[in-house]
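Take my numbering: the last position of the sequence shown gets the number 120, and nothing is skipped along the way.
The C-beta atom is built at its ideal place from N, Cα and C for all residues, glycine as well.
Being a predicted model, the structure only gives us computed values, none of them experimental.
Right, one structure below, let's go through it.
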Amino acid sequence: EMIQHVQNELLQTEVTCTNEQKRLDQFSRDLGDRHSKMQEREEQLIVLKTELEQFSLTLDQRETAMTKQEKNIDHRVKHLERQDQQFKSLIEEASNIRTSLD
Numbered sequence: 019e020m021i022q023h024v025q026n027e028l029l030q031t032e033v034t035c036t037n038e039q040k041r042l043d044q045f046s047r048d049l050g051d052r053h054s055k056m057q058e059r060e061e062q063l064i065v066l067k068t069e070l071e072q073f074s075l076t077l078d079q080r081e082t083a084m085t086k087q088e089k090n091i092d093h094r095v096k097h098l099e100r101q102d103q104q105f106k107s108l109i110e111e112a113s114n115i116r117t118s119l120d
């Protein structure tokens, strides 16, 4: 009877160990899946970071180009203002000459 009791306990322990091993195996698979998903997300983040850096660089280049265009426009406006002033001076000079001839 004692032997039977020990055999039953051994059998119960074996069943418990088998069940625990199955749980550990499932846990290990779950961890592997999570690790794979984390690696995928990390790769996606790296791609997004690279795209963001490229976008930022493109924005910087566009900003630089726009700044150059603004400077060119400012230069043209000043040039046109000088020409306008010269034209007004010529008109005034012509008006003065006409007045002096009359």
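{"query": "Rounded separation between residue 114 and residue 105 - CA only", "result": "14 Å"}
{"query": "Alpha carbon of residue 29 to alpha carbon of residue 53, nearest angstrom", "result": "36 Å"}
{"query": "Neighbourhood of residue 68 by C-beta, 6 Å cutoff - its chain only, sequence neighbours within 5 removed", "result": "none"}
{"query": "For residue 120, three-class secondary structure by DSSP", "result": "coil"}
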